[in-house]
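Encoded as structure tokens, the structure appears first; notes follow it.
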């Protein structure tokens, strides 16, 4: 259906050409702004920043992105996914004082934007495919859990002593005894409502989003309960009377003890911002009714410029938002001008509706963010991962626990390392690393060679026969070398009518991420309508589960090694290394 729509209608373009769709984009911008307003305020509070910082971020993103392009219907602004990282960075840089840490964090965000601009010019966006999809999903699930934990103080109206996830979890029972009754009652009502409305499929909820209804009800309840003003959002009558908060570069450079924390913050924000941004635009491209494809590097450049401008105005990090982008499509948005109109409406809200904004309770925003966090880590996410394969659930769980116990950067590193180790283990099990002699040197050479194959181009041969372009895969196809397969598919000869991917005997493993990518490549070719992509030889591989994108293992190479010495798996076992079943 989407392909038919894309073919039947002219594909809207960004820039001045997109202004002719202003009616669609204006209505979509209004709808998105109603969602963006409470989201931006709540994310700023969750990040430890003033509420206005969230609005400034969303406004700057909307005013800049339409002129830089990169994507079509993605709506950018402050992200809930980065709130935990921003709060930790602000706490570390300010040594526990958020007021001191805030301008220092702005400096780190500005540096992050500069790094993103440089990376975009180096065409580095494509390297985000290196990270396994299950690790990214684990990172998002852990972010969801952190969002929920860090909103509990706002939900009950009482600050917690600790800020780490497990410490806050242990502290929760004792803190519940010090709950502010009115705040807790209001928060629980809003929480129940947002979950109830979020579960309904009513048509009118696409016009009036659940978050907007919950905010309205929260304001009414706060007035009825005579809630103290300290539990309400506060934006000054003149937000810019005392100027805007600028990045404190001098403070960052003068104190050498902060340099490591600054580098860690910049690397963390760059990595998470990049991975989440590019994952979001890829997901939104799939539901774009016009089947347009975003430019990852141009998007990364736009994010970098937006982050620099946002930090210079006292705003937070900016990335594309999945919820707002989906709402934009549902509202009829067609180009990036919807993002621009969203920013214009937010400006109107800021200056004309400030009195109404100041009536919004923190506990209402906490309820909305808890709902957002729940959607990232809900039980169905765990069940879906388990259905793909037990090894995926193990990597997923490892990433979640590592992230919660350390931080987002280490969580990704540990999760990716676990994925790499498990891939090597399955390579051994599939007999993918044969050698001629069971000697220590042979084992070492065979192991290193096999590991190197995980990063080499899986395509070993290519030929054009009667209009059909044949690519022969002779090495493992995993997330670590999928980028090279993607390049092969981008460089198909123009005279090729159809493309055939042949899974040869040398392919001992195809991981979950690569199976997902093969499905995506096939859909992309189909949506373009010029030629088709067909994958041949997948049926010879053993599936790890019944899920269509599960890991697949090749036929053990023991028969191939017959008469020439044992395969590497036997050699490793002879040396005393026990390879247990991971089922």
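Numbering (UniProt numbering), first residue to last: 1 to 583. Where a beta carbon is used, it is the ideal one built from N, C-alpha and C, also for glycine. Please read these numbers as outputs of a predicted model, since none were measured by experiment.
- Excluding residues up to 5 positions away in sequence, 89 and 108 lie with their Cβ nearer than 6 angstroms to the Cβ of residue 265 in the same chain.
- Shown here for residue 101: same chain residues with a beta carbon closer than 7 angstroms to its own, the five before and five after excluded, namely 90, 91, 93 and 94 in chain order.
- When beta bridges are read from the DSSP output, residue 300 appears opposite no residue.
- Within the model, the alpha-carbon separation for residue 417 versus residue 371 is close to 31 angstroms.
- Note on residue 123: under 16 other CB atoms within 10 angstroms of its CB, so exposed under the neighbour-count rule.
- Cβ neighbours of residue 186 within its own chain (closer than 8 angstroms, five residues either side excluded): 218, 221, 222, 225, 227, 361, 363 and 364.
- Residue 533 sits close to residue 499, with the two beta carbons spaced by under 9 angstroms.
- 9 angstroms or more divides the Cβ of residue 126 from the Cβ of residue 471.
- Distance between residue 33 and residue 14, taken at the CA atoms: about 20 angstroms.
- Per the Cβ contact rule, the stretch 332 to 340 is in contact with the stretch 54 to 67 (3 or more Cβ pairs under 8 angstroms).
- A Cβ-Cβ contact shorter than 9 angstroms links residue 85 with residue 269.
- Collapsing the DSSP output to three states places residue 361 in a strand.
- Residue burial is scored here from C-beta neighbours: residue 166 has fewer than 16 other C-beta atoms within 10 angstroms and is therefore classed as exposed.
- When DSSP assignments are scanned along the stretch 180 to 253, the uninterrupted stretches of alpha helix (DSSP H) that are 4 or more residues long and fall wholly within it turn out to be 181 to 199 and 210 to 224.
- Contact holds between the stretch 138 to 155 and the stretch 66 to 85, because three or more Cβ pairs, one in each stretch, are under 8 angstroms apart.
- Of 68, 56, 99 and 71, the smallest CA-CA separation from residue 78 is found for 56.
- Put simply, the stretch 475 to 482 touches the stretch 511 to 521. At least three CB pairs are less than 8 angstroms apart.
- DSSP places residue 512 in the helix class (H, G or I) of the three-state scheme.
- The closest CA to that of residue 140, considering only 382, 458, 304 and 520, is found on 382.
- For the alpha helix (DSSP H) assignment, the uninterrupted runs of no fewer than 4 residues enclosed by the stretch 27 to 69 are, from N- to C-terminal side, 51 to 68.
- For residue 459, there is no enclosing alpha helix (DSSP H); the residue is found in the beta strand (DSSP E) stretching over 459 to 465.
- Residue 153 and residue 114 have their C-alpha atoms some 35 angstroms from each other.
- Under the DSSP assignment, residue 499 falls outside any alpha helix (DSSP H), being part of the beta strand (DSSP E) whose first and last residues are 498 to 503.
- For residue 376, same chain residues with a beta-carbon under 7 angstroms away, outside a window of 5 residues either side, are 140, 141, 143 and 144 in chain order.
- Shortest Cα-Cα distance from residue 308 to any of 523, 12 and 116 involves 116.
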